[in-house]
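Single-structure report; data block below.
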Amino acid sequence: MSEQSYSSSELMIINSARLLRDGDVVLVGVGQPNLACNLARRTHAPNLVMIYEAGVVGAQPARLPLSIGDPTLVSGALSVCSMYDLFAFYLQRGCVDVGFMGGAQIDRFGNINATVIGDYAHPKVRLPGSGGSKEIAAWAKRCILLTPHQKRRFPEKVDFQTSAGFLSGRPEREAAKLGGGGPQAVVTDLGILEPDETGELVLTALHPGMTAEQAKANTGWELKVNDPLRVTEPPTGEELRILREELDPSGIYLKGAA
Amino acid sequence: MQSKLMSLSEAVQTYVHSGDTIYAAGFTHLIPFAAAHEIIRQGLKNLTLARATPDLIYDQMTAAGCARKVIFSYMGNPGVGSLRIVRAEIEKGNLEWEEYSHFAMISRLQAGATGLPFMPMNPTAAVDLEQANPNYRKVTDPYSGNEVVVVPALIPDVSIIHVQRADADGNAQIWGIIGEQKEAAFAGRRVILTAEEIVDEAVIRSDPNRTLIPGIVVDAVCQVPFCSHPSYTQGYYDRDNKFYLEWDKISQDPAGVQTWLDEWVYGVKDRQEYMQKLGPEVQARLKIASRPSIPVDYGQY
Chain H
16 MSEQSYSSSE LMIINSARLL RDGDVVLVGV GQPNLACNLA RRTHAPNLVM IYEAGVVGAQ
76 PARLPLSIGD PTLVSGALSV CSMYDLFAFY LQRGCVDVGF MGGAQIDRFG NINATVIGDY
136 AHPKVRLPGS GGSKEIAAWA KRCILLTPHQ KRRFPEKVDF QTSAGFLSGR PEREAAKLGG
196 GGPQAVVTDL GILEPDETGE LVLTALHPGM TAEQAKANTG WELKVNDPLR VTEPPTGEEL
256 RILREELDPS GIYLKGAA
Chain C
71 MQSKLMSLSE AVQTYVHSGD TIYAAGFTHL IPFAAAHEII RQGLKNLTLA RATPDLIYDQ
131 MTAAGCARKV IFSYMGNPGV GSLRIVRAEI EKGNLEWEEY SHFAMISRLQ AGATGLPFMP
191 MNPTAAVDLE QANPNYRKVT DPYSGNEVVV VPALIPDVSI IHVQRADADG NAQIWGIIGE
251 QKEAAFAGRR VILTAEEIVD EAVIRSDPNR TLIPGIVVDA VCQVPFCSHP SYTQGYYDRD
311 NKFYLEWDKI SQDPAGVQTW LDEWVYGVKD RQEYMQKLGP EVQARLKIAS RPSIPVDYGQ
371 Y
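These protein sequence lines map, in sequence, to chains H and C. 16 is the number of the first residue of the first sequence in our numbering; add one for each residue after it. 71 is the number of the first residue of the second sequence in our numbering; add one for each residue after it.
Now the structure itself:
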C-alpha cells in the first residue's frame, strides 16, 4: 500500500480528525464524523470524550457503529442518559467542546442546510432534517464540519438555515448570544476552509496536489484564498490502516474517488 | 398485583384505533417493529406517526398505507442514507409532516410526560424551521426579559414501548440506550408495553434503580421476544445492520416493498412466525457475547 494512495473520503476524515484536541468533549454526528472521532481517539486524542446524541457519554466503541445508536456505544461507556438529559444537561448546559457534523449544504458564512433543497412546503429534494444539529451548531463551543467540495454543496446562501454558522457575519452571531462559538473549520476533499474575522469561510489549506483554482471552481461564492496557504500533511500509513482495518473494513464510509 | 398480560394482537385491537397519534418509541434501540407489523395487519389507517427518527418502522407503516402524517426530527435510514418511502410521499405531497429538531421533539414529549403545557429552550439563531412550523413560539423569560423558544406538549393517543424485562403489571426495566422511552410512556394516553421477558415482581424489586417505567402508566403488557428486529435489544440481540442496508435497496422499488410486506408482514401471523421465518442463521448472526455488569448491593434494611 503506497502512502500516496487514499480516497477523498479518507482524506477528509483524517484531516478533520486531526482538528480534535486530546481531552475534547465531542458530540459525534452520524456517518463520516463518527469515523473521524473514532480515528482521533485511536491516534492523537486518547482522552477524547465521545458523546452521542442517543444519550451515550464517554463511548469506547469496539467496532465501527453504523448508526449513532449502536449497542457497541453503550458497552463500556461512562454513562447512558435519556436524550432529553443529553441535550439539556450536556449540550444546553455548555459541557460540549466540539460539535462534529456533516451537512448537505454549507454557505459562505458557515450556515448549514440539512433540511430541504427548494421550497420548504413543496420540496424539490427532502433531506433528513436537523436531528441534533440545530442545537449542536448553536451551543457546542466550536464546530468542525466536513463535506465534499462541490459547488452545489457550497452555495453563496443556503436554501434553508437548519443550523447557524455566523448567520450574516460574526456580528449577527455575537448579537444572538449563543453558548457556542460557531464553525472552527470546514474540511473538504480539496482543503480546509476557516472563518476570517468577518465570519466568511476562506481557503486556508490545500491537501497535497490540490490547487486553489480547483477549490474556487467548486465553491458557489467568490472564495478568498488565505496568504500564506498551508498544505496539509498527507495521510499517514497508520491513519489509513486504522480506518481501513479497524474502523471500516467493509468500506461503507470510505468509498470515494481515489 | 393485577395482570395486564395479553397478546400483542389483543393489545393493538384494544388500544390502537384508526386516526390515532402513535409514538412507537426507541432511538435506534428497542424499536417495536412487531407492534408496527401488527398494526399493519389489522389495517389501521389515518395514523399520525410521531417519532424523533421515523426509521424503517414508519417507512414500512407508510408503505402499508397506515399513515396520514409524520412528526419527526430526523428522517433518515440511520447510518445508511435516505428514508425513501416517507421522503417520496412527502415530496409527492401525499403525506403531511410536522418537523422539529431532536431537542424540540423530545422537549415536546418531556412537557407531555410531566403535565406541563410547553417546554422552553434556549434560542439557536437558526430560525427557518421555527418560521416553517407554527408550533414553535417565543415567550419572554419573566426573570431575565430574554426570549426563549417554546414547543407544546406532545400527548400521543398511544405510546408503544419495548423493554428488556417487565412484570405482569408493566413495571419495566431497560438498559442500554434509553432514548425517549420514559418520556413517551408518561406522555401517552394509553401505553402498550412489549417485553423480551416477563419476570416475577421480585426480579424488578431486586434492582429498583433500573425500573424506567412504572406499571401505573402501563395499560397492556405483551411478551414479544425479538420484537425489535431489525432494531436491537441491548444484551439480547444485535442490530441487523445488514437489513438496514438491504432496506435501502428494497425501498427503491414500490413493487418490491409490497412483495416484502406480503412476505414478512401479511404472510406471518405474529412475531413468533416471523422469527421462525428469519431462521436460525439470522438469529445466530445477531447473537452477541455476554458482558454483564457488576451487581450492586442495595443492602438489607
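The C-beta atom is built at its ideal place from N, Cα and C for all residues, glycine as well. Nothing here was measured: the structure is a model prediction, and the numbers come from that model.
Given residue 331 of chain C as reference, the closest of C:88, C:79, C:94 and C:110 once Cα atoms are compared: For the purposes of this step, residue 331 of chain C is taken as residue 261 along the second sequence, with counting starting at 1. When only C-alpha atoms are compared, the closest one is C:110.
Tell me which residues of the region 270-302 of chain C have at least one Cβ-Cβ distance to chain H shorter than 8 Å, keeping chain order. 302
What residues in its chain sit with their C-beta under 8 Å from that of residue 188 of chain H, if we drop five residues either side in the sequence? What you label residue 188 of chain H is simply residue 173 of the first sequence in a count that begins at 1. Excluding residues within five positions, the ones whose Cβ falls inside 8 Å are 179, 180, 181, 182, 197 and 214.
Would you kindly check if the distance between the Cβ of residue 221 of chain H and the Cβ of residue 205 of chain H is under 8 Å? Taking the first residue of the first sequence as 1, we reach residue 205 of chain H at position 190. Taking the first residue of the first sequence as 1, we reach residue 221 of chain H at position 206. Cβ atoms of residue 205 of chain H and residue 221 of chain H: closer than 8 Å.
Please confirm if residue 147 of chain H has its CB atom under 8 Å from at least one CB of chain C. Residue 147 of chain H sits at position 132 when you count from the first residue of the first sequence. It does: the Cβ of residue 147 of chain H has a partner Cβ on chain C nearer than 8 Å.
Verify whether the separation of the beta carbon atoms of residue 166 of chain H and residue 235 of chain H is less than 8 Å. Counted from its first residue, the first sequence places residue 166 of chain H at position 151. Counted from its first residue, the first sequence places residue 235 of chain H at position 220. Their beta carbons are under 8 Å apart, which means residue 166 of chain H touches residue 235 of chain H by this criterion.
Residue range of the alpha helix (DSSP H) that includes residue 319 of chain C: Numbered from 1 along the second sequence, position 249 holds the residue referred to as residue 319 of chain C. Its alpha helix (DSSP H) spans residues 311-320.
Which ranges would you report for the alpha helix (DSSP H) in the region 137-174 of chain H if only whole runs of at least 4 residues count? 148-154
Short of 6 Å in beta carbon distance, which residues of its chain neighbour residue 60 of chain H, apart from the five on each side in sequence? Order them along the chain. Counted from its first residue, the first sequence places residue 60 of chain H at position 45. Closer than 6 Å at Cβ, skipping near neighbours: 35 and 37.
So, does the CB of residue 273 of chain H fall closer than 8 Å to a CB anywhere in chain C? Along the first sequence, read from residue 1 onward, the residue named residue 273 of chain H stands at position 258. In this predicted model, residue 273 of chain H has a pLDDT of only 39, less than 50, meaning its place in the structure is not dependable enough to derive any value.
Residue 257 of chain C, enclosing alpha helix (DSSP H) - first and last residue: If you number the second sequence from 1, residue 257 of chain C lands on position 187. Note, residue 257 of chain C: alpha helix (DSSP H), 251-257.
Compute the distance between the beta-carbons of residue 216 of chain H and residue 53 of chain H, then report whether it is under 8 Å. Within the first sequence, numbered from 1, the residue matching residue 216 of chain H stands at position 201. Within the first sequence, numbered from 1, the residue matching residue 53 of chain H stands at position 38. No.
Between which two residues does the beta strand (DSSP E) containing residue 229 of chain C stretch? Start at 1 with the first residue of the second sequence, and residue 229 of chain C comes out as number 159. First-last of the beta strand (DSSP E) with residue 229 of chain C: 228-236.
Restricting to runs no shorter than 4 residues, where is the alpha helix (DSSP H) found entirely within the region 20-91 of chain H? 23-32, 47-57 and 86-89
Going along chain H, which residues have a C-beta under 8 Å from residue 180 of chain C? On the second sequence, residue 180 of chain C is found 110 positions in, with the first residue counted as 1. Those are 99, listed as they occur along chain H.
Residue 307 of chain C: which of C:179, C:315, C:246 and C:273 sits nearest, CA to CA? Residue mapping note: residue 307 of chain C aligns to position 237 of the second sequence, counting from 1. Comparing Cα-Cα distances from residue 307 of chain C to each of C:179, C:315, C:246 and C:273, the minimum goes to C:246.
Whole angstroms is fine: what's the gap from residue 95 of chain H's alpha carbon to residue 85 of chain H's? Counted from its first residue, the first sequence places residue 95 of chain H at position 80. Counted from its first residue, the first sequence places residue 85 of chain H at position 70. Between residue 95 of chain H and residue 85 of chain H, the C-alpha separation is close to 13 Å.
Cα separation between residue 268 of chain H and residue 82 of chain H? Indexing the first sequence from 1 puts residue 268 of chain H at position 253. Indexing the first sequence from 1 puts residue 82 of chain H at position 67. So the two alpha carbons sit approximately 12 Å from each other.
List, in order along the chain, the chain C residues whose C-beta lies closer than 8 Å to that of residue 177 of chain H? Start at 1 with the first residue of the first sequence, and residue 177 of chain H comes out as number 162. Chain C residues near residue 177 of chain H: 196, 198 and 199.
Restricting to Cα atoms, I'd like to know which of C:276, C:292, C:313 and C:326 is closest to residue 370 of chain C. Working through the second sequence from its first residue, we reach residue 370 of chain C at position 300. Out of C:276, C:292, C:313 and C:326, C:276 has the C-alpha closest to the C-alpha of residue 370 of chain C.
Would you please state the rounded distance, in angstroms, between the beta carbons of residue 160 of chain C and residue 233 of chain C? I believe it to be under 8 Å. Along the second sequence, read from residue 1 onward, the residue named residue 160 of chain C stands at position 90. Along the second sequence, read from residue 1 onward, the residue named residue 233 of chain C stands at position 163. Rounded, the Cβ-Cβ distance is 31 Å, inconsistent with contact.
In the region 57-85 of chain H, which residues sit with their C-beta less than 8 Å from some C-beta in chain C, listed in chain order? 68, 69, 70, 71, 80, 81, 82, 83, 84 and 85
Use the C-beta contact count for residue 93 of chain H: other C-beta atoms within 10 angstroms, 16 or more gives buried, fewer gives exposed. Your numbering for residue 93 of chain H matches position 78 in the first sequence. Classification of residue 93 of chain H: exposed, given that the 10 Å Cβ count is below 16.
Residues within the region 154-175 of chain C neighbouring chain H, beta-carbon criterion of under 7 Å: 157, 160, 161, 169, 171, 172 and 173
Selection from H:218, H:266 and H:125 that minimises the alpha carbon distance to residue 255 of chain H: Counting from 1 along the first sequence, the entry for residue 255 of chain H is found at position 240. Per the Cα distances, H:266.
8 Å Cβ cutoff, residue 248 of chain C in contact with chain H: As a working note, residue 248 of chain C is residue 178 in the second sequence. It does; some Cβ of chain H falls within 8 Å.
Would you verify that the beta carbon of residue 97 of chain C is, or is not, closer than 8 Å to some beta carbon of chain A? The structure shown contains no chain A; the protein chains it does contain are H and C.
Just to check my reading of the structure: residue 155 of chain C and residue 321 of chain C have Cβ atoms closer than 8 Å, yes? What is that Cβ distance to the nearest angstrom? Taking the first residue of the second sequence as position 1, residue 155 of chain C is located at position 85. Taking the first residue of the second sequence as position 1, residue 321 of chain C is located at position 251. Contact flag correct, Cβ pair sits at about 6 Å.
Whole-angstrom C-beta distance between residue 180 of chain C and residue 21 of chain H, which should lie under 8 Å: Taking the first residue of the first sequence as 1, we reach residue 21 of chain H at position 6. Taking the first residue of the second sequence as 1, we reach residue 180 of chain C at position 110. Wrong, their Cβ atoms sit about 45 Å apart, outside the cutoff.
Among H:23, H:42 and H:29, which residue has its Cα nearest to the Cα of residue 152 of chain H? Numbered from its first residue, the first sequence carries residue 152 of chain H at position 137. If we check each option's Cα against that of residue 152 of chain H, H:42 comes out closest.
Please report the residue range of the beta strand (DSSP E) in which residue 372 of chain C lies. Since the displayed chain C opens at 71 and closes at 371, residue 372 of chain C lies outside it and no answer follows.
Spatial neighbours of residue 190 of chain C within its chain, please: CB distance less than 6 Å, with the 5 preceding and 5 following residues excluded, ordered by chain position. Position 120 of the second sequence, counted from the start, is the residue given in the question as residue 190 of chain C. The residues are 218 and 220.
Apply the 10 Å Cβ neighbour rule to residue 184 of chain C and answer buried if 16 or more other Cβ atoms are within range, or exposed otherwise. Reading the second sequence from its first residue, position 114 is the one you call residue 184 of chain C. When all chains shown are included, residue 184 of chain C counts as exposed.
Distance, residue 346 of chain C Cα to residue 355 of chain C Cα: By one-based count along the second sequence, residue 355 of chain C stands at place 285. By one-based count along the second sequence, residue 346 of chain C stands at place 276. Each residue's Cα considered, the two are about 14 Å apart.
Apply the 10 Å Cβ neighbour rule to residue 48 of chain H and answer buried if 16 or more other Cβ atoms are within range, or exposed otherwise. Within the first sequence, residue 48 of chain H is the residue found at index 33, counting from 1. By the 10 Å Cβ count, residue 48 of chain H comes out buried.
Near residue 274 of chain H, what residues of its chain come up, given a Cβ to Cβ distance below 7 Å and the 5 sequence neighbours on each side ignored? In the structure displayed, chain H extends from 16 to 273; residue 274 of chain H sits before or after that span and is not available.
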